[in-house]
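Chains as they are written, first to last, in this note's numbering: chain A, 1290 to 1551; chain B, 515 to 986.
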Amino acid sequence: MAQPPVLLETQALTRSFGGLTAVDNLDFVVRKDEIVSLIGPNGAGKSTVFNLISGIYPPTAGRILFKGVNIAGLKPDRVERQGIARTFQTLRLFANMTVLENVLVGFHSRLKSNVIEDLIRPPWVARAERDAVEEARQLLRMLGQRLYTQQEFRAADLAYADRRLLELARAMASQPDLLMLDEPTAGMNPSEAADFMELIRRVHDRGFTILLIEHNLSVVMGVSQRITVLDYGLKISEGTPDEVRRDERVIEAYLGRKAATA
Amino acid sequence: MTRLVFLVLALVIAVVWVARAVQVGVNRRLAGRLAAVWRTTGSAGGLLHKLAGSLRAVREVLGEDPWLSRLLLLLVLDVAVAYPVFDSSDVRVGTADQAEVFVLLALGLNIVVGFAGLLDLGYAAFFAIGAYTAALLASTHFSVGKHGSIVSNLLLSVGNGGIHFNFFALIPLAALVAAFFGILFGAPTLRLRGDYLAIVTLGFGEIVPKVVSNLGASNSLFLGRGNTLPVPNITNGVNNIVGIDKPPDVHIGPIHWTFQTNDPRPWYFLGVIIIVISIVMITRLRGSRLGRCWVAIREDEIAAAHAGVNITGARLTAFALGAAFSGFGGLLYATQLGTVSYDLFTFSVSVTILVMVILGGIGSVPGVIIGGIIVSYLNQSWLTTLSAWLNTQGGSFDHAWGPIGALGAWLHTVPLATAKPMIFGIILVLMMLLRPQGLIPERRRAREFRPETEQEAQEELEELYTLRTGEI
């Protein structure tokens, strides 16, 4: 069977902060329509990889190819317009905007309007805006009835799990080719986390390619097609969930040397 | 006759409004809310809170029905347009004319400070640029050629009598020129954050009047080694540019405006039209994709960037738009006065406009209009009137006994009108202490100023911390 085309590929991606090499010569690939997970213990460099891809800081060395184009060093808004959207481990919502407005910001790069159109709001801009609102509502409904009914609430007033959902909605709004989720189940209890993973599967079924960060291996086992394991910035293992689970280096990284040899 | 029209119109609107209010039952809800506010909140010293609570109740209840707000707006517009018809004093209407200029400026600065959240301490620079655009392009200042006119049509005439653009052609031109300088000043500075940006804008606010005052023929540019280059007379330097053209007369139906006489009323009506158009555009702007971006950037810059918002671009646009509206203000100001000079646009003007925005309510369009009117009237007439009144009162008992006489003597000479910087300073401090969200706050801004819960206050602190350290 022919493999689907490569969407994202990092080549020898490296980032150091002073003397610390947070990401070291990392190569990994995300193919179209996959769910790929990046896992590793705390401090393994997973979030740094995300920040490098989404453009918060440039890599020290290496390339990031997205749809064949090197996007390393581009600013976040440029990366987003290339078709990559992300969420954050520590939630970053627009707290004083409503739920609906938060999602509408996600539509930013899809709505085209220039300054003059923003000033006079001609009919075609008003129509595009109305359509965006309608689509945002449908998106919220798809992610859960609770979010849909709370669309006029302030983001800060939502329950924690709903805020996670809202961040996902905002990222999905731009219809990215690649959706990057940074520990989306952080702070959730096991049953909420399981629900969320089920939701991610549904999002995937709607045609989204997903790159997921998780430090809890068991959470992503069920949904990921492939897993890359990082430790101290180095890739220590890669493969299907079953392969990774059996890999001694992974067990060692998570549980220590004794457990691996026991 | 005209008065009757305005009166009848106001009456009709009022009647329709009351009918509508009763129909949707707003009056009962409002009465209930107001009664609750006056019964419950605070006892001693709570009057301010009660007034604020009442204002909030009125806004919330009226906000329930769009027609009530629309009718109210119509009524306000009717009163605003009718004012100079009822006031026979040319001086007072002239004061209102200038207040209109400052309302325009406050509306423009509000885009920068209120919508985009950028502190601009040199806004008068753009005001100056708008005014000088009018002064240079519609006066006898630039004489071109030797004999007669080269170009002469409805929009523009150029010749040895100077460059004369038609006022109505100057409206977009002044906005464009000011916006261009907004981008020019903004591009290198908008990467800066908060305090640094404020300082750089302060610098530009100082530079522009200085440049204007030095671009006269009496100056020369020092090139080193004793070489100098004479400066062409672009702005007439420290001398005023005089004889700025008045707008052409307007005759449409029952409207007959002539700007050639000393009658301030046509100016007033022209100002109202420009302000109303500006308000419509600015409210649309606030609800637009760009307006949403500005809020998002204020809330969380990193998240906004990851949603595809070009942060520097959005800020630059705010700067340019703010400048454009001050271009309107400058144009109106220069043509009204008929003369401009560099010292009309000093730092104190920038501060005055900022006080208007803060007093009225940062980000709130009705707020900054009210703020603009109040500060402008304080500036031009109320302080002088109050000062004169205090002087007379003081004079009546300055020979009284001891400390009372001393107080009288002090009041007799106290120059309130020249103490404006101090008075505006006091207003700023008081507003920051008592009501940082302004007289008529914008809803979202009010929340930003006053975290509702302990948890929100904590989150804000953490937010500040991550911004400082650059952690993600």
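Ideal Cβ placement from N, Cα and C applies to all residues, glycine included.
Neighbours of Met1386(A) across chain B, judged by C-beta separation under 9 Å: Arg806, Val809, Ala810, Glu813, Arg958.
Between the segment 564 to 576 of chain B and the segment 535 to 547 of chain B, the count of C-beta pairs closer than 8 Å reaches three or more; the two stretches touch. When Leu830(B), Phe833(B), Glu813(B) are compared, the shortest CA-CA separation from Arg961(B) is found for Glu813(B). For Asp1322(A), none of the residues of chain B pass the 8 Å Cβ criterion, the least Cβ distance being about 23 Å. The residue from Arg584(B), Val575(B), Lys564(B), Ala566(B) with its alpha-carbon nearest to that of Gly539(B) is Val575(B). With the criterion set as a beta carbon lying under 7 Å from some beta carbon of chain B, the members of the segment 1394 to 1421 of chain A are Val1394, Gly1395, His1397, Ser1398, Leu1400, Ser1402, Val1404, Asp1407, Leu1408, Ile1409, Arg1410, in sequence order. The Cβ atoms of Lys1335(A) and Thr1498(A) do not sit closer than 7 Å to each other. A straight line joining the alpha-carbon of Leu835(B) with that of Lys1356(A) spans about 37 Å.
DSSP, read as helix, strand or coil, puts Phe1377(A) in coil. When DSSP states are grouped into helix, strand and coil, Pro778(B) belongs to the coil group. Contacts with chain A (Cβ-Cβ distance below 8 Å) from the segment 822 to 833 of chain B involve Gly822, Val823, Asn824, Ile825, Thr831, listed in chain order.
For Ile721(B), the closest of Leu623(B), Tyr856(B), Gly841(B) by C-alpha to C-alpha distance is Tyr856(B). With distances taken between CA atoms, Thr703(B) lies nearest to Leu633(B) out of Leu650(B), Leu633(B), Gly939(B), Leu621(B). Listed in chain order, the non-local C-beta contacts of Ile811(B) below 8 Å within the same chain comprise Ala630, Gly631, Ala818, Val823, Ile825, Ala828, Arg829, local neighbours out to five positions each way being set aside. Contact note: Leu799(B) reaches chain A through Asp1407, Leu1408, using a C-beta cutoff of 7 Å and chain order. With contacts defined as CB atoms closer than 7 Å, Ala1384(A) and Ala1445(A) qualify as a contacting pair.
In summary, Glu1418(A) is buried, with 16 or more beta-carbon neighbours lying within 10 Å of its beta-carbon over all protein chains present.
DSSP, reduced to helix, strand and coil, places Trp771(B) within a strand of the structure shown. The segment 618 to 630 of chain B makes contact with the segment 793 to 808 of chain B; the number of CB pairs closer than 8 Å reaches 3 or more. Of all C-beta pairs linking the segment 1365 to 1385 of chain A to the segment 786 to 796 of chain B, fewer than three are shorter than 8 Å, placing the two stretches out of contact.
The C-beta of Arg1452(A) comes no closer than 7 Å to any C-beta of chain B. DSSP places Val1518(A) inside the beta strand (DSSP E), whose first and last residues are 1515 to 1520. Residue-level contact by beta carbon fails for Arg573(B) and chain A, as no gap is shorter than 7 Å.
In this structure, the straight-line span from the alpha carbon of Trp924(B) to that of Ala914(B) is close to 12 Å. The Cβ of Arg803(B) sits closer than 7 Å to at least one Cβ of chain A. Only buried fits Pro1465(A), as 16 or more other CB atoms lie within 10 angstroms of its CB.
By the 16-neighbour rule on beta-carbons within 10 angstroms, Thr1299(A) is buried. Within the segment 642 to 726 of chain B, the runs of alpha helix (DSSP H) at least 4 residues long that lie entirely inside it are, in chain order, 681 to 703.
In this chain, the beta strand (DSSP E) harbouring Val1312(A) covers 1309 to 1320.
Counting C-beta pairs with one atom in each stretch, the segment 1451 to 1464 of chain A and the segment 1383 to 1397 of chain A have three or more that are closer than 8 Å, which means they touch. Annotation for Gln1300(A): the continuous beta strand (DSSP E) segment containing it runs 1295 to 1306.
The alpha-carbon separation between Gln907(B) and Val928(B) amounts to approximately 11 Å.
For the segment 1360 to 1372 of chain A, residues whose beta-carbon sits nearer than 9 Å to a beta-carbon of chain B comprise Lys1364, Pro1365, Asp1366, Arg1367, Val1368, Glu1369, Arg1370.
Within the segment 1424 to 1444 of chain A, not one residue has a Cβ closer than 7 Å to any Cβ of chain B. Excluding sequence positions up to five before and after Ser734(B), its CB lies within less than 8 Å of the CB of Thr742, Leu743, Pro744, Val745, all in the same chain and listed in chain order.
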